[in-house]
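Trainee: The opening residue of the sequence shown carries number 94 in my numbering; numbering runs sequentially from there. Backbone N, C-alpha and C fix where the C-beta goes; we use that ideal spot for every residue, glycine too. These numbers were taken from a predicted model, which means no experiment stands behind them.
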Amino acid sequence: MWTRIIRNTFFRAPVVETENEQYTQKWITYANPYIAAKELTANPGQTVTLRDGAAYGCVFIQGHGRFGVYDAESPTLLHFGQQSSDEFFVSEAAAVKGVTITNTSEVEPLVALKHFGPNCPGVPQEV
Numbered sequence: 094m095w096t097r098i099i100r101n102t103f104f105r106a107p108v109v110e111t112e113n114e115q116y117t118q119k120w121i122t123y124a125n126p127y128i129a130a131k132e133l134t135a136n137p138g139q140t141v142t143l144r145d146g147a148a149y150g151c152v153f154i155q156g157h158g159r160f161g162v163y164d165a166e167s168p169t170l171l172h173f174g175q176q177s178s179d180e181f182f183v184s185e186a187a188a189v190k191g192v193t194i195t196n197t198s199e200v201e202p203l204v205a206l207k208h209f210g211p212n213c214p215g216v217p218q219e220v
């Protein structure tokens, strides 16, 4: 019973922003005055330049490639104190200019979650 109430109250189905041969980008957190988030999936072997209207944090959850000039990959196992290359912050100036993302895998998608603050333009406002 509670599961149904929580799902009916809080669930937001993803809203596809862009989908093509190179990548798919969906709003996964929206209709909220405080935060918003997108899921980006860059298809194998593809390079895309994406522009956003606000600064954001980014976490890679699958695959490996390049995020701007940096190597990016989701970790499979980290020990305490080890470095990873899965988390990034993009300033508003860089987001507006555009960040180039390259999936260097021939078979696996490169998936990242991008999270925004309350000043992000274009966020869907209705469920």
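DSSP beta-bridge partners for Gly158?
Mentor: One-based indexing of the sequence shown puts residue 158 at position 65. Bridge partners of Gly158: Ala165 and Asn196.
Trainee: Going by Cα to Cα distance, which pick from Val189, Pro107, Thr197 and Pro211 is closest to Ala135?
Mentor: Position 42 of the sequence shown holds residue 135. Out of Val189, Pro107, Thr197 and Pro211, Thr197 has the C-alpha closest to the C-alpha of Ala135.
Trainee: So which of His172, Gln139 and Asp145 has the shortest CA-CA distance to His157?
Mentor: By 1-based counting over the sequence shown, the position of residue 157 is 64. That would be Gln139, whose Cα lies nearest to the Cα of His157.
Trainee: Check whether the region 106-122 touches the region 159-170, taking contact to mean three or more Cβ pairs, one atom from each stretch, closer than 8 Å.
Mentor: These segments do not touch.
Trainee: Would you identify the three-state DSSP class for Phe103, choosing helix, strand or coil?
Mentor: Translated into positions along the sequence shown, residue 103 becomes position 10. Correct three-state label for Phe103: helix.
Trainee: Quick check on DSSP: helix, strand or coil for Ala186?
Mentor: Translated into the one-based positions of the sequence shown, residue 186 becomes position 93. Reduced to three states, the DSSP call for Ala186 is helix.
Trainee: Do Ala188 and Ala147 have their C-beta atoms within less than 8 Å of each other?
Mentor: As a first step, residue 188 is located in the sequence shown; it is residue number 95 there, counting from the start. As a first step, residue 147 is located in the sequence shown; it is residue number 54 there, counting from the start. Taking 8 Å as the Cβ cut-off, Ala188 and Ala147 qualify as a contacting pair.
Trainee: If you draw a straight line from the alpha carbon of Thr179 to that of Thr169, how long is it in whole angstroms?
Mentor: The residue labelled residue 179 in the question sits at position 86 within the sequence shown. The residue labelled residue 169 in the question sits at position 76 within the sequence shown. Reading off the sequence shown, one finds Asp at residue 179, where the question assumed Thr. In a straight line, the C-alpha of Asp179 is about 11 Å away from that of Thr169.
Trainee: Quick one: grab the DSSP three-state call for Ile128.
Mentor: By 1-based counting over the sequence shown, the position of residue 128 is 35. Coil.
Trainee: Using CA atoms only, rank isn't needed, just tell me which of Pro126, Gly215, Ile194 and Pro214 is closest to Ala205.
Mentor: The sequence position of residue 205 within the sequence shown is 112, counting from 1. The shortest C-alpha separation from Ala205 is found at Ile194.
Trainee: Within 8 Å of any Cβ in chain B, is that where the Cβ of Leu133 sits?
Mentor: The chain inventory of the structure shown lacks chain B, comprising one protein chain alone.
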